[in-house]
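Everything below concerns the one structure shown next.
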Amino acid sequence: MEPIIVCKNIHKYFGEGSTRVNALSGVNLTVNRKETRLLMGPSGSGKTTLLSIIAGILTQDSGECLLSGTDINHLPDQEKTDYRGIHIGFVFQIFNLIPTLTCMENVAIPLLIQKVPLKEALERARIVLNDVGIPDKADSFPNKLSGGQQQRVAIARAIIHAPELIVCDEPTSFLDHNTGIKVMTLLKDLVAKKDLTLIVVTHDPRIIPFADKIDQLEDGKIVS
Ligand SMILES: Nc1ncnc2c1ncn2[C@@H]1O[C@H](COP(=O)(O)OP(=O)(O)OP(=O)(O)O)[C@@H](O)[C@H]1O
Ligand SMILES: [Mg+2]
Numbered sequence: 058m059e060p061i062i063v064c065k066n067i068h069k070y071f072g073e074g075s076t077r078v079n080a081l082s083g084v085n086l087t088v089n090r091k092e093t094r095l096l097m098g099p100s101g102s103g104k105t106t107l108l109s110i111i112a113g114i115l116t117q118d119s120g121e122c123l124l125s126g127t128d129i130n131h132l133p134d135q136e137k138t139d140y141r142g143i144h145i146g147f148v149f150q151i152f153n154l155i156p157t158l159t160c161m162e163n164v165a166i167p168l169l170i171q172k173v174p175l176k177e178a179l180e181r182a183r184i185v186l187n188d189v190g191i192p193d194k195a196d197s198f199p200n201k202l203s204g205g206q207q208q209r210v211a212i213a214r215a216i217i218h219a220p221e222l223i224v225c226d227e228p229t230s231f232l233d234h235n236t237g238i239k240v241m242t243l244l245k246d247l248v249a250k251k252d253l254t255l256i257v258v259t260h261d262p263r264i265i266p267f268a269d270k271i272d273q274l275e276d277g278k279i280v281s
């Protein structure tokens, strides 16, 4: 199987001197293409830090992290932003939708960043909102939607530009049991249909059945 992510001996610390925290202490991780991988572990174990390095949001202090063979954290800033915008989709705990834009406009954002013309971007957003099961919400504003519906909009926004990797940080933690399962089922279906790779950081045991493999972090290390 072909790896999409290869992390070798990643170290990351925050702060200096007596306040220094070793968030990651020598993490090795390989994720294969089309896999659904869970990162689990106690609060403060380094899950979000690792996901952020994989997704090019944070830069490691040492070690190497390759996405499809590219070391994105050592690209010049603009190239890194562009690379991230093309290759990765993000889903967070808080849905991060822009309240003054309609759902369709929110979903279109990654395409607009890539300079796709507005009309085409909105047409494609409508199609993706259909894929995530809420075609009737295209013209609604996010605050008129339930939490589960807002997370569907966020997922639509994460996949609209056909990225190869979707990273999710606690995607179900603000959702009730059934909604959380529905959102994960949707993500998993999309991943299969579009040949995506999914990395999910979670505390949520409901997500375990969706994983191909689970890595457990403790104190900045993968322990199993
Ligand atoms: N920006 C930052 N500045 C200082 N310390 C940080 C920062 N981000 C993370 N840390 C520290 O690094 C360690 C790992 O944090 P991280 O957020 O990766 O953990 P986590 O496993 O995602 O936790 P949680 O489950 O609570 O989200 C923690 O000790 C945290 O306090
Ligand atoms: Mg976290």
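For what it's worth, our numbering labels the leading residue of the sequence shown as 58, then goes sequentially.
Using N, Cα and C, we set each Cβ at its ideal position, and we do this for glycine too.
When the options are compared against residue i, the one with the closest alpha-carbon
i, options, result
"THR259", "HIS144, GLY74, ASP118, THR229", "THR229"
"ASN163", "ALA215, HIS131, ALA112, ILE62", "ALA215"
"LEU247", "ASP188, SER203, PHE231, ILE265", "ASP188"
"SER197", "ILE223, LEU158, GLU227, ILE212", "LEU158"
"ARG183", "GLN171, PRO199, CYS160", "CYS160"
"GLU92", "ILE279, LYS250, ASP233", "LYS250"
"LEU202", "ILE170, ASP226, PHE152", "PHE152"
"ASN200", "GLY142, GLU177, THR254, ILE155", "ILE155"
"ARG141", "ALA112, ASP128, SER125, THR236", "ALA112"
"GLN171", "HIS144, ILE279, VAL148, VAL63", "HIS144"
"ILE264", "THR254, MET241, LEU253", "MET241"
"LEU222", "LEU175, SER125, SER100, LEU232", "SER125"
Start-to-end residues for the alpha helix (DSSP H) that takes in residue i
i, result
"VAL185", "175-188"
"ASN153", "It is not in any alpha helix (DSSP H) - ASN153 carries neither H nor E in the DSSP assignment."
"GLY113", "Where GLY113 is concerned, there is no enclosing alpha helix (DSSP H), given that its DSSP letter is neither H nor E."
"ILE212", "204-216"
"ASN235", "234-250"
"GLY142", "134-144"
Other residues of its chain near residue i: CB distance less than 7 Å, five sequence neighbours each side excluded
i, result
"GLN206", "ILE191, LYS194"
Neighbourhood of residue i by C-beta distance below 8 Å, restricted to the same chain and skipping five residues each side
i, result
"ARG181", "ALA165, LEU168, VAL173, ILE217"
"ASP118", "HIS68, LYS69, TYR70"
"LYS239", "GLY205"
"ASN66", "GLY83, VAL84, ASN85, SER119, GLY120, GLU121"
"LEU179", "MET161, GLU162, ALA165"
"ASP128", "GLU121, CYS122"
Neighbour-count burial assignment, residue i, 16 or more Cβ in a 10 Å radius
i, result
"GLU121", "exposed"
"ARG209", "buried"
"ALA211", "buried"
"MET97", "buried"
"HIS131", "exposed"
"VAL88", "buried"
"SER102", "buried"
"LYS270", "exposed"
"LEU274", "buried"
"PRO220", "buried"
"MET58", "exposed"
"GLU73", "exposed"
"GLU227", "buried"
Terminal residues of the beta strand (DSSP E) in which residue i lies
i, result
"HIS68", "60-71"
"ILE166", "Here ILE166 belongs to no beta strand (DSSP E); instead the alpha helix (DSSP H) covers 160-170."
"GLY103", "Counting along the chain, GLY103 falls outside any beta strand (DSSP E), and DSSP gives it neither H nor E."
"VAL257", "254-258"
"ASN85", "78-89"
"THR93", "93-97"
"ASP272", "270-275"
Cutoff 6 Å; reference residue i; Cβ partners in own chain excluding five residues on either side
i, result
"ALA256", "Note that residue 256 corresponds to Ile in the displayed sequence, not to Ala. Only ARG94, VAL224 meet the Cβ criterion."
"ALA213", "VAL164, VAL185, LEU186, VAL189"
"SER109", "LEU115"
"GLY277", "ASN79, ALA80, LEU81, SER82, GLY103"
"PRO60", "THR87, ASN89"
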